[in-house]
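K.L.:
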């Protein structure tokens with residue numbers, strides 16, 4: 002057995018979950034935050050259930066959509082598109098909960114808009130939990 006070190010700042014998870022989503026986007030979503038893509042322009046437009054924030058790239062193509070409620074206070078869904086306009090992923094907070102003054106997801110659904118997707122039901126959060134740096138170190142497996 003061998004351990005393979007791969008250094009990457011923000012890897013895609015498509016080989017694991019078959020959806021082109023970055024690790025940082027998952028972390029943001031699990032933290033109750035919407036990931037924000039790099040963009041050059043933005044506009045808010047009305048939608049049937051509230052409002053949509055459209056983030057455009059330099060070519061004026063829609064790169065990301067963030068859906069808000071009718072009061073423009075709660076973001077409940079995000080869609081990210083590639084440069085051709087193809088949906089990379091859609092993430093939706095199905096339900097939220099408040100934990101130690103943090104508004105975090107209780108049920109999160111992430112799909113590619115086609116056949117791949119997954120759902121996360123979160124029953125317990127450890128807000129402001131202390132974790133030593135050693136908790137984030139992977140050690141090689143023992144030699145057999």
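Residue numbers (our numbering): 2 to 145. Where a beta carbon is used, it is the ideal one built from N, C-alpha and C, also for glycine. Values in this document were obtained by computation on a predicted structure and should not be read as measured data.
Using DSSP with H/G/I as helix, E/B as strand and the rest coil, what is residue 81?
P.N.:
DSSP places residue 81 in strand when its eight states are reduced to three.
K.L.:
What did DSSP end up calling residue 136 once you bin it into helix, strand or coil?
P.N.:
Of the three classes helix, strand and coil, the one that applies to residue 136 here is helix, per DSSP.
K.L.:
Return the CA-CA distance between residue 117 and residue 135, expressed in angstroms with no decimal places.
P.N.:
Between residue 117 and residue 135, the C-alpha separation is close to 34 Å.
K.L.:
Using a Cβ-Cβ cut-off of 7 Å (strictly less than) and excluding sequence neighbours within five positions of residue 81, which residues of its own chain qualify?
P.N.:
So the qualifying residues of the chain are 38, 65, 89, 90.
K.L.:
Could you spell out where the alpha helix (DSSP H) holding residue 25 opens and where it closes?
P.N.:
From DSSP, the alpha helix (DSSP H) with residue 25 extends over 24-31.
K.L.:
Within the same chain, show all residues whose beta-carbon is closer than 7 Å to that of residue 123, passing over the 5 residues directly before and after it, in chain order.
P.N.:
Result list for residue 123: 106, 107, in chain order.
K.L.:
Work out the CA separation of residue 46 and residue 33 for me, nearest whole Å.
P.N.:
Distance between the alpha carbons of residue 33 and residue 46: 23 Å.
K.L.:
Name the two residues that bound the continuous beta strand (DSSP E) containing residue 64.
P.N.:
63-69 is the extent of the beta strand (DSSP E) around residue 64.
K.L.:
By DSSP's criteria, residue 76 is part of a beta bridge. Which residues make up the other side?
P.N.:
DSSP lists 69 as partners of residue 76.
K.L.:
Is residue 86 helix, strand or coil by DSSP?
P.N.:
The answer is coil: DSSP assigns residue 86 none of H, G, I, E or B.
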